[in-house]
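Step one of this worksheet: look at the structure below.
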Amino acid sequence: MSSKPKEDEAKKDPREAVDRSCCGPVLFLAFSAVAWLLVYSFFALLAGVKVHASGMMADSAWLAYGRIQPASLLALQFGFLVQLGLAVSAWILSHRGKTVLVDGGYLVFGGLLWNAGVTLGFIGILNGNSSGLEGLPMPGEVLPLLFFGFVLVGLSLVQTNNRRTDEEMSPAQWFLFAATLWLPWVLAGSYLLIHFFNAKGVVANIVDWWFIHNFVKVYLTFVGLGTLFHFLPAMTGRALAGRGFAQFGFWVLLLFGSMGGVGPGAPVPAWLSALSTVTAVFYFFGVIAVWVSLKRTINGVTAADSSDSLAYNLMRLAAVIFVTVSALNVFFAFPGPGSVAEFTIYGPAKELLFSLGFVGVTLIAALYHVFPRLAGIDFSPRMTRIQNAAIILGVLGATLPAALGGLMSGDAVLGSGFYFASVGQLLLFVGSLVLFVNLLGAVFFAMKNCGCLSSICCGIKKKEAGT
Amino acid sequence: MAAKKTNEEPETTQADVSGGPKPWVFVLMVLTLYWAINYLDGHSGGFNATVYTPHSDAAAVASLKVQKTPEEQAFESGARIYRGLCAACHQPNGLGNSNAGFPPLANSEWVLAPTPDRMIAIVLNGMQGPVEVSGQIYNKVAMPAQGVALSSEDIANVLSYIRRNGDWGDAHSLPLVTPEQVQAVRDSDAIVNRSAAWTADELKQQFPESQ
Amino acid sequence: MTIGLSFLCGLLASSVSYFMLGLWWPVALLVGGFAWLAFGLLDVKMNSTFTLLGGMLLIFCVSLSAMVLRANDQLSGLQFANTQDEEGTEFRYPVPLLGQARYGEKIYKASGCVACHTQQVTHESVELDVKAMAGEKNHAAAQEAVSRFYRSTGRKTSGGAALGLPVGEWETIETGLNPADASKARNFLAAAGASVDVQVRFRGEDLMQNEHSNPEGRGWGRRRSVAQDYLFAEPPMLGSVRIGPDLANVGARHTRDALMRILLNPRIIRKDSKMPQHRFLFEEADEGEQGRHIIQDGDKAYKPTADAEALVDYLLSLKGANYPLPEAPVNQPFTSSLPDPAPAPAEEAAKTTQPVEADK
């Protein structure tokens, strides 16, 4: 019933219809993602401060450092990155495929389930029910909820991609399609092995490392790259140079990114670490191929539309961060440098730089492009300027000193790195607060001014009236 | 501000300029594959579950378990038997308990005799009656026979421990008692034909050469 | 070529390298993956979702079986192993957590101690020292064996033991050897009829400190951690960051009282500690309450709750990385090299301590 009128609308004005189909679901996911970013940055700031003031809030078990730190990472990865990634994926897949978003309701319902899962996991960790693992710290019970939430969203995205107008698929579509399928597979596999089959001893950790590796090296990377592969050509008005490079990169990143992630000194048989080193080296071939393709596309051009230049510059920065972190990964995959960096805060700092500096910045930049087109209203430019400066300085400030300090001081990092990192986290908090307020305000004005959102509200009201 | 932005989407035509990695990239990858095989050869420990970094293979790990010398093996095994069987009466420090009637082993002239035959006989069949050790007479309790419970090797080891235990005194540095020595005593007529425990006089008579 | 056909090519390539060339399975897997990439994945048009889906599914299965299922095969069958403590008493390892320690593990997990503490000890290298002793009969053969060893490992044949191997005395052949060279030396010398003795020394900043062989040691264990150590951990909280010290054998390092104080306020023990206080595991002691469990922090007195007691029970039960296992031996000193190494110091110690006791 719902798809027929949409198709009719599509005949009238395809772009209008595509936008309208995306509007509600994408904004819902984007809004909850930004809310989780705010939660993340607040709790990360709190965790950082607890390192300086060891007696602060010592009476509260809920606010123990060991609880808020993994909880904040959960908010960042599953709350912010995955949700904003899904929102941007939905927008790209429908616009690239020139088709309406199929069953946007799944997106909203799946997003609700996903949010419920992340919330329960977040509270579960604070409550002391964490699983004790690092990649999947949330209580095992919420994983099925997350899985089904994601699958519902994924169903809509995969169907949208299948109904694309052009037969040809572009690299952006490959990467986003693969990412959308890959996370539920890995999530389900890890859940079954760890919690259902009760993996014994260190096998649970091996599965956990395998999940982390797949989540970062395949899922997050593919979401980030898919977004870059769509927007960098789109904003410059150029064609993507080197489809062959992208194809090479796609398969190499997938094949070698799906294996590895075991550190040099881990208490598991030596072949796991050795295999991880080898796959990390091959993975870098894919990174180079992707870089060549992107670099040739954007070489020497600026954004075609001046209003896009901000998003465009942010994405270029993100691409540079991606290549830099990947090069560091290859270097530290070898046992010699690897054992120097192992157990230092270099590791978490680098992960944060990758997930916020590359994936996060890419997605936020995409949001700058997407949001005005969906809501019909732009962000406040002054606040945008503030939040950009704060977020970028915050990401760099929270990661670079910590990473350097970690490398220089061996494992117990108790130096000035932590103080710098806290300044960075404070900036990050300010940035995400401004972004949240900005988004909230823009949505609020859009509701008042624009027909797009109010029509959805009216639509819901109509449905309610009907039932 | 409220003006809606246009949706200038890129036309996803064949615009994607084809062009991929040149053949030399694949040559480089094959070279890297060669490196990878060598690397795995050197660092993966033969994909064996019991090889951990930084060991190179299972043989290297096994070679780290240094074999102990026969003396040490005998001494350790003897110490274990002594703790289990003998220490209850003769005490872990070998000083015995004169009040309860347990004679000492440390610096005892019976233990430090040039040959271990008497000691072997005592362990095999037990001992009863008065015995003088280090100038004191012990006559309260009898020692039970251990010949059935212990193998010749066990007896050799525990006697080696008693006779070679440096912690008990400088004189305790006698040569190892071998299982063959024990077996020889065990097979001698004096033991084969006897089931009762020895007395001190009978022992001195039977094994005079020990004096 | 389609995904499926190229996958068959890859399968063929990996079977040939596994069964006919005798390569290890992951190497064969790598070769197969390459063939697959080269034949098919890089050549397909990538316009059909089925192409993508097929390739992804196959890669997923390869990844799952190569990384996870294979490791599970190897490690899920682990059982008790025999080991011995410092006094030579044999026991079955690991010891399951008993009583409150199991509950303490849950507290450890809930409080997120793993965010700052690892439970894994690493080691960097192993070095072996070889000594030998030759009798009169086999002296010449032993000396020949020594120079043969020096030649075959590219060492100078002029100095050291090659010059003279005193008859009937232990002589150092070489120090700091790797296991392969050491076993070569041992084989040469044993074949020549000499007695050989080997000392094993592990290096690594996590291991026990030793002025001679491991000056930078932090004393976090006698050997590296292996999978056997975590047989009963639910789950093993290995950790990845050391903001605080490693806890793999914290039970062997600290007493109950010290751990309680560190939990309540680490700055009682160390002024510059960054560890957050865990006052939520304690309650304020009543006025006038006495006992060892009362801890004075500033002007307030605290006593541990049942949670704190259980957590400390768990921490005290952590004694991994201590006992030798076949896959992870510990340092082994020269056994027969020095004539009577043990009695002399023991006696001296006895002589020096006895008068002191008598004075008291």
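Residue numbers (the working numbering), protein chains in the order written: chain A, 71 to 537; chain B, 4 to 214; chain C, -3 to 356.
Each residue gets a CB set at the ideal place from its N, CA and C atoms; glycine is no exception.
Considering only residues of the same chain and omitting the five flanking positions on each side of residue i, which have a CB-CB separation below 6 Å?
i: G180/A; result: G219, L222 and V223
i: A472/A; result: I415, A419, G487 and A491
i: A148/B; result: N128 and G129
Within its chain, find whatever has a CB closer than 7 Å to the CB of residue i; leave out the 5 residues flanking it on each side and keep chain order.
i: K518/A; result: none
i: A242/A; result: I162, R166, G296, F299 and H300
i: K296/C; result: E280
i: S333/C; result: Residue placement at S333/C cannot be trusted, given a pLDDT of 45 that sits under 50; what the coordinates show is reported in the next sentence. Only K127, W166 and D193 meet the Cβ criterion.
i: N231/A; result: L163, G167, Q243 and F247
i: T171/C; result: D125
Taking CB distances under 8 Å as the criterion, tell me whether residue i reaches chain B.
i: F318/A; result: yes
i: L509/A; result: no
i: E120/C; result: yes
i: P407/A; result: no
i: R90/A; result: no
i: S333/C; result: At S333/C, the pLDDT of 45 sits below 50, so the modelled position is not reliable; the number obtained from the coordinates is stated separately. No, no contact with chain B.
i: V246/C; result: no
i: A178/C; result: yes
i: F3/C; result: no
i: V196/C; result: yes
i: W21/C; result: yes
With 8 Å set as the bound, which would you pick, yes or no: does the beta-carbon of residue i sit closer than that to a beta-carbon of chain A?
i: P325/C; result: no
i: K270/C; result: yes
i: A223/C; result: yes
i: Y42/B; result: yes
i: V64/B; result: no
i: H274/C; result: yes
i: A33/B; result: Before going further, note that residue 33/B is Val rather than Ala in the sequence given. With 8 Å as the cut-off, V33/B does not count as an interface residue toward chain A.
With which residues is residue i paired in a DSSP beta bridge?
i: P300/C; result: F278/C
i: A324/C; result: L321/C
i: D293/C; result: K296/C
i: I140/B; result: E135/B
i: L115/B; result: According to DSSP, which records beta bridges pairwise, L115/B is partnered with nothing at all.
i: E170/C; result: V126/C
i: S200/A; result: In the DSSP output, where bridge partners are listed per residue, S200/A has none listed.
i: W201/B; result: M130/B
Leaving aside the five residues before and after residue i along the sequence, list all residues of the same chain whose C-beta is less than 8 Å from its C-beta, in chain order.
i: V27/C; result: A9, S10, S13 and L19
i: M204/C; result: N210, G213, G215, G217, R218 and N327
i: M221/B; result: Residue 221/B cannot be examined here, being either before or after the span of chain B that is shown, 4 to 214.
i: S321/C; result: Checking the sequence shown, residue 321/C turns out to be Leu, not Ser. Taken in chain order, the residues that qualify are A77, T79, Y89, R219, V222 and Q224.
Comparing alpha-carbon positions, which option in the options lies nearest residue i?
i: H358/C; options: Y99/C, R238/C, L255/C and H289/C; result: This structure cannot speak to residue 358/C, because chain C is shown only from -3 to 356.
i: A128/C; options: H119/C, S121/C, A138/C and E120/C; result: A138/C
i: E204/A; options: G430/A, P84/A and Q139/A; result: Q139/A
i: L133/A; options: G316/C, F35/C, C109/C and L255/C; result: C109/C
i: T118/B; options: Q131/B, G172/B, T181/B and A152/B; result: T181/B
i: N110/B; options: I165/B, S101/B, S80/B and Q76/B; result: I165/B
i: V122/C; options: A124/B, A90/B and H58/B; result: H58/B
i: A77/B; options: N160/B, A199/B and P211/B; result: N160/B
i: A178/C; options: N78/C, M233/C, L4/C and Q195/C; result: Q195/C
i: I456/A; options: G501/A, F441/A and G430/A; result: G501/A
i: Q495/A; options: A160/A, L426/A, L246/A and F326/A; result: L426/A
i: L25/C; options: V40/C, L1/C, L54/C and L259/C; result: L54/C
i: T85/C; options: I84/B, V28/B and V185/B; result: I84/B
Can you find a CB in chain F that lies within less than 8 Å of the CB of residue i?
i: F50/B; result: Among the protein chains of the structure shown, namely A, B and C, there is no chain F.
Verify the CB distance criterion: does residue i have a CB-CB separation below 8 Å to chain C?
i: A304/A; result: no
i: M453/A; result: no
i: R166/A; result: no
Residue ranges of each alpha helix (DSSP H) within the region 204 to 276 of chain A, 4 or longer: Here the runs fully enclosed are 212 to 232 and 241 to 261.
Only counting runs of 3 or more residues, tell me where the beta strand (DSSP E) segments fall wholly within the region 41 to 89 of chain C, in order along the chain. 77 to 80 and 86 to 89, all fully within the region 41 to 89 of chain C.
Whole alpha helix (DSSP H) elements within the region 331 to 360 of chain A, 4-residue minimum: none
Completely contained alpha helix (DSSP H) runs for the region 421 to 507 of chain A, where each covers 4 or more residues: 431 to 445 and 451 to 478
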